[in-house]
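Just so you know, numbering that gives the first Met the number 0 puts 29 at position 30 of the sequence shown, and the rest follows in order with no gaps.
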Amino acid sequence: MLARYGVFWKKNTSYPLSLLVARIKKDMIQDEHVIYMGVGWLAREGHIILKKTNLGYVAYLSKLSSK
0 MLARYGVFWK KNTSYPLSLL VARIKKDMIQ DEHVIYMGVG WLAREGHIIL
50 KKTNLGYVAY LSKLSSK
């Protein structure tokens with residue numbers, strides 16, 4: 000999951016991809032100990048879902064498995 004200081008984003012939250020990347024960069028600047036995982040890796044591993052819209056890509060946090 001994509002988390003900042005151990006707090007997970009809400010499942011129903013979505014961000015435009017540019018805002019998601021900007022938010023991660025801002026977190027990294029504010030605290031050098033924030034762990035950064037690339038957006039591509041998060042999507043490939045199924046942690047986020049990228050959907051293409053007319054305005055660009057939107058990133059959604061994927062639903063947790065009940066297993």
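For glycine and all other residues, C-beta sits at the position ideal for the given N, C-alpha and C.
For Leu-54, the three-state secondary structure derived from DSSP is coil. Contact between Leu-16 and Leu-41 fails: their C-beta atoms lie close to 11 Å from each other, not under 8 Å. Of all alpha-carbon atoms in Lys-24, Leu-18, Ala-58, the one lying nearest the alpha-carbon of Gly-45 is that of Ala-58.
In the DSSP annotation of this structure, the continuous segment of the beta strand (DSSP E) that includes Ser-13 starts and ends at 13-15.
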